[in-house]
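Heads up, the thing below is written out as structure tokens.
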Amino acid sequence: MNQGLNLLVGLAMGLNLVALGTGRLPSLIRLAAWQGVVLGLMPLVIEAEWRVMTFVVATATVVMKGLVIPALLRRAMRTANIDRDLDPLIGYLPSLLLGAAGMIGAVAVAQRMPLLPEHHESLLVAGALASVFSGLLLLLGRAKAISQVCGYLILENGIYLFGLLLIHSTPLLVEGGILLDLTVAVFVIGIIVDRIQRAFDTLDTRKLTVLRE
Amino acid sequence: MSELLLILGPLGAAIGAACWPDERTRPWFLPVTGLVHALIAFGLLLWPPATPFHAWLGYDPLARAVLPAVSLLFLACAAYGVPYLRLRAERPNRLFVASFLAGLGLLSAAHMARHLGVLWIAAEAVTLACVPLLHFNNTPRAFEATWKYLLVGGTGIALSLLGSFCLGYASLHGGGAGDLTFTALMAQGPGLSRPWVLIAWVLLVVGYGTKMGLAPMHTWKPDAYGEAPGIVGAMLAGGVTTVAFTAVLRVRAVVQAAGAGVVADRTLLAMGLFSMLLAALFLLSTRDFKRMLAYSSVEHMGILSLGAALGGPGLWAAFFHVWNNSLTKGALFLTAGNLRRAAGGRTLDEVRGLSLLTPRSAMLFVAGLLAVTACPPFGPFFSELLILKRALAAGPPWVAGAFLGCLLLAFLGLTRLVFAVVDGRPPKAARPMDPRFRETVAILLPPLGLLLLALGIGLATPEVLREAWTAALRQLAPTP
Chain W
1 MNQGLNLLVG LAMGLNLVAL GTGRLPSLIR LAAWQGVVLG LMPLVIEAEW
51 RVMTFVVATA TVVMKGLVIP ALLRRAMRTA NIDRDLDPLI GYLPSLLLGA
101 AGMIGAVAVA QRMPLLPEHH ESLLVAGALA SVFSGLLLLL GRAKAISQVC
151 GYLILENGIY LFGLLLIHST PLLVEGGILL DLTVAVFVIG IIVDRIQRAF
201 DTLDTRKLTV LRE
Chain U
214 MSELLLILGP LGAAIGAACW PDERTRPWFL PVTGLVHALI AFGLLLWPPA
264 TPFHAWLGYD PLARAVLPAV SLLFLACAAY GVPYLRLRAE RPNRLFVASF
314 LAGLGLLSAA HMARHLGVLW IAAEAVTLAC VPLLHFNNTP RAFEATWKYL
364 LVGGTGIALS LLGSFCLGYA SLHGGGAGDL TFTALMAQGP GLSRPWVLIA
414 WVLLVVGYGT KMGLAPMHTW KPDAYGEAPG IVGAMLAGGV TTVAFTAVLR
464 VRAVVQAAGA GVVADRTLLA MGLFSMLLAA LFLLSTRDFK RMLAYSSVEH
514 MGILSLGAAL GGPGLWAAFF HVWNNSLTKG ALFLTAGNLR RAAGGRTLDE
564 VRGLSLLTPR SAMLFVAGLL AVTACPPFGP FFSELLILKR ALAAGPPWVA
614 GAFLGCLLLA FLGLTRLVFA VVDGRPPKAA RPMDPRFRET VAILLPPLGL
664 LLLALGIGLA TPEVLREAWT AALRQLAPTP
């Protein structure tokens, strides 16, 4: 079971690096979506015996992270009719190098943290830290509003990975509430992106500089 | 069960308001809900209900010590909301009223949350409910402020979730059965895995500190408070910050039970003093009186954090200060809304001579300034005095010195700006006053009421409140 899970976590970590290196907005959205699907499959691999709620959580995650949110972002991108290039504030190569360094750091940190015996062989903690780091890097290093939302999604995926450590102890009610909150958050962000585009005629957040001291 | 009404009542009213067909009568949902909420909250303050040990939601001593203040603030904002929304009749108010009411229900839920996950869900839902309120004015500036709020706030949200998971894992690693209520976590105490507790503390204090507006995570605050309507600013500065503070306190109690209380107190002390210093410096330079209120809020969050760090009587004084902060900030934001509407601007360059344009609001604004800068006999004077006393007794001497220095700088900054806009003659080229704007009783009474309460709580603190704060203190730091 751990092998399958580690394969999926490794896949998600790889997607982080590709996302850091990509220069096109549609492919960044697609990568975030694929990562969401990979994450959605994980509960099925972790659970020894399948229960109805596991299926519900897995399906909800795949549908939300893999379909609904990317569709929302693609719609915003199309209506905004923006340039598809990403305008990095931190270049692609430095981003990649930083991301790779972050990944190594994440594995090193994860090895030093005290873990339960059943999590010793698992890559979950390392994957979570690496994704959080990559997400923050995208959030800070890209200028377009939609690419920042993608960074936020990847950050959130990292937290979801960490949450999987607790899947046996947190009540699923709480998990469901968290998923709902996050979905609404991205939904609200999507609406605001749309309004910003209409108000400023741009989605370049570097131009949002009216308010300052 | 009546405590659940505090959550379900406003949420039900929000649904009702969303379905209500008439734009003109819809705002009345606000004061009616506010009144019922305040009656229940104060009823429960006088006759506290028993909370089962493992309950996920409950009107426990901590909620009892602060939630009535938020309820009072909401009532004043709601009463102000009716004439305000009449002035803004050109904007559809369905989403605004519904979000405002939902915000109250979620605020109550977050105050009463006794489960790590439920606290996060409620606190973050509050953040999201505020988004439609922030861009009610529909200007590009409002959208820019909302975007910054979402981006900074969203990252804070994410980090506090990661912190919650880490705290959960600390319990699991320490042999816990997966019960994530705060009471269970505190009972597990030293059994929690220490490295994970420390990581969780850092993430949670950054996450909830972002919502509270502690420096250096305060960057969204001036923009959001500056662009939001006055009643929204009041609820953000007096209600949402209070929720975040109680969240920090609940987590801190667990960290203390795990034996890392010293680390937690040091973090809170450093962040509190840093917030006060930064806010004081910005107060000396800002030229916009709504952004000024945001920096003043950062300063007061610093005071709360400092009080909590000093522990014991300091924390008791912090509860006192929560009430003072809610009441005075509410009064200031509501009158600032009046002034802005009358003057047509908010910076020193556009606005002068408000004492001639709007004499009553200007008077209230000056009185609010005296209250917020802790002039006796307003409540903040007494709470800050108690924190100072505790700092002199328990902390190193430089803490008390830094505290007083920051207060003095903030006082200079605030008075400089307030008297500059109130005094003098109105600029000749001033835009003509909004013809619909009149200083009616309806827009003066809510801030006046809040100020009188801030005065009353300072002159004669009700015994029931003293007892409620002591009970909250006992809940957070049970003596073994």
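Going line by line, the protein sequences match chains W and U. Sequential numbering of the first sequence, starting at 1, is according to the working numbering. Sequential numbering of the second sequence, starting at 214, is according to the working numbering. Quick reminder that beta carbons are idealized off the backbone N, C-alpha and C, glycines included.
Simplified DSSP assignment, three categories, for residue i
i	result
Asp478 (chain U)	helix
Pro712 (chain U)	Absent from the model: residue 712 (chain U). The displayed extent of chain U is 214 to 693, so no value can be given.
His120 (chain W)	coil
Arg695 (chain U)	Only positions 214 to 693 of chain U appear in the structure, and residue 695 (chain U) is not among them; the question remains open.
Asp636 (chain U)	coil
Ala471 (chain U)	coil
Pro26 (chain W)	helix
Ala322 (chain U)	helix
Pro659 (chain U)	helix
Leu208 (chain W)	coil
Pro345 (chain U)	helix
Arg573 (chain U)	helix
Ile235 (chain U)	Checking the displayed sequence, the identity of residue 235 (chain U) turns out to be Asp instead of Ile. If DSSP states are grouped into helix, strand and coil, Asp235 (chain U) belongs with coil.
Thr698 (chain U)	Here chain U comprises residues numbered 214 to 693, so residue 698 (chain U) is not present and cannot be evaluated.
Pro88 (chain W)	strand
Arg504 (chain U)	helix
Thr560 (chain U)	strand
Arg698 (chain U)	With chain U covering 214 to 693 only, the question about residue 698 (chain U) has no answer from this structure.
Arg78 (chain W)	helix
8 Å CB neighbourhood of residue i in its chain, flanking five on each side removed
i	result
Trp50 (chain W)	Leu44
Glu236 (chain U)	Ala302, Pro305, Asn306, Arg307
Neighbourhood of residue i by C-beta, 6 Å cutoff - its chain only, sequence neighbours within 5 removed
i	result
Asn62 (chain W)	Here the sequence assigns Val to residue 62 (chain W), which means Asn is not the residue at that position. Excluding sequence neighbours, Val62 (chain W) sits near Val37, Gly40.
Phe162 (chain W)	Ala128
Leu218 (chain U)	Ile253
Ala441 (chain U)	Leu347
Ala681 (chain U)	Arg277, Ala278
Cys619 (chain U)	Met489, Leu490, Ala493
Trp529 (chain U)	Trp682, Leu686
Phe533 (chain U)	Ser596
Rounded separation between residue i and residue j - CA only
i	j	result
Leu300 (chain U)	Ala549 (chain U)	15 Å
Glu118 (chain W)	Ser377 (chain U)	21 Å
Ala522 (chain U)	Pro639 (chain U)	45 Å
Gly256 (chain U)	Ala667 (chain U)	20 Å
Met53 (chain W)	Thr170 (chain W)	13 Å
Ser284 (chain U)	Leu319 (chain U)	12 Å
Phe495 (chain U)	His431 (chain U)	12 Å
Met505 (chain U)	Leu517 (chain U)	19 Å
Leu583 (chain U)	Cys290 (chain U)	21 Å
Thr79 (chain W)	Phe616 (chain U)	52 Å
Pro403 (chain U)	Gly330 (chain U)	21 Å
Leu411 (chain U)	Met325 (chain U)	25 Å
Phe309 (chain U)	Pro345 (chain U)	7 Å
Thr396 (chain U)	Asp273 (chain U)	11 Å
Range covered by the alpha helix (DSSP H) that runs through residue i
i	result
Ala336 (chain U)	329-342
Met103 (chain W)	92-112
Cys290 (chain U)	274-300
Val365 (chain U)	353-386
Cys232 (chain U)	215-232
Ala390 (chain U)	Neither: Ala390 (chain U) is in no alpha helix (DSSP H) and is coded neither H nor E.
Glu303 (chain U)	Looking at the DSSP string, Glu303 (chain U) is not in any alpha helix (DSSP H), and its letter there is neither H nor E.
Leu11 (chain W)	2-21
Arg603 (chain U)	592-607
Pro244 (chain U)	242-259
Asp201 (chain W)	From DSSP, Asp201 (chain W) is part of no alpha helix (DSSP H); its letter is neither H nor E.
Phe55 (chain W)	52-61
Asn157 (chain W)	145-163
Ile167 (chain W)	First-last for Ile167 (chain W): undefined, no H or E at that position.
Lys434 (chain U)	433-440
Ala447 (chain U)	443-448
Within-8 Å CB hit, residue i to chain B
i	result
Arg638 (chain U)	Among the chains of the structure shown, chain B does not appear; the protein chains present are W and U.
Own chain residues within Cβ distance below 7 Å of residue i, not counting five before or after
i	result
Gly474 (chain U)	Val468
Trp241 (chain U)	Val295
Met103 (chain W)	Met13, Ala130
Residues in the stretch 343-360 of chain U with C-beta within 9 Å of chain W's C-beta atoms, listed in sequence order? Residues of the stretch 343-360 of chain U whose Cβ lies closer than 9 Å to any Cβ of chain W, in chain order: Val344, Pro345, His348, Asn351, Thr352, Pro353, Arg354, Ala355, Phe356, Glu357, Ala358, Thr359, Trp360.
Short of 7 Å Cβ to Cβ, which residues in the stretch 150-167 of chain W face chain U? Taking 7 Å as the Cβ-Cβ cut-off against chain U, the residues of the stretch 150-167 of chain W that qualify are Tyr152, Leu155, Glu156, Ile159, Phe162, Gly163, Leu165, Leu166.
Residues within the stretch 431-448 of chain U neighbouring chain W, beta-carbon criterion of under 8 Å: Within the stretch 431-448 of chain U, contact with chain W at the beta-carbon level (separation under 8 Å) is assigned to Pro435, Asp436, Gly439, Glu440.
Give the residues from the stretch 186-199 of chain W that approach chain U closer than 7 Å (Cβ to any Cβ), ordered along the chain. For the stretch 186-199 of chain W, the set of positions with a beta-carbon nearer than 7 Å to some beta-carbon of chain U reads Val188, Ile189, Ile192, Arg195, Ile196, Ala199 in chain order.
Under 8 Å, CB to CB, which of the residues in the stretch 257-288 of chain U have a partner in chain W? Against chain W - using a Cβ distance shorter than 8 Å - the stretch 257-288 of chain U contributes no residues.
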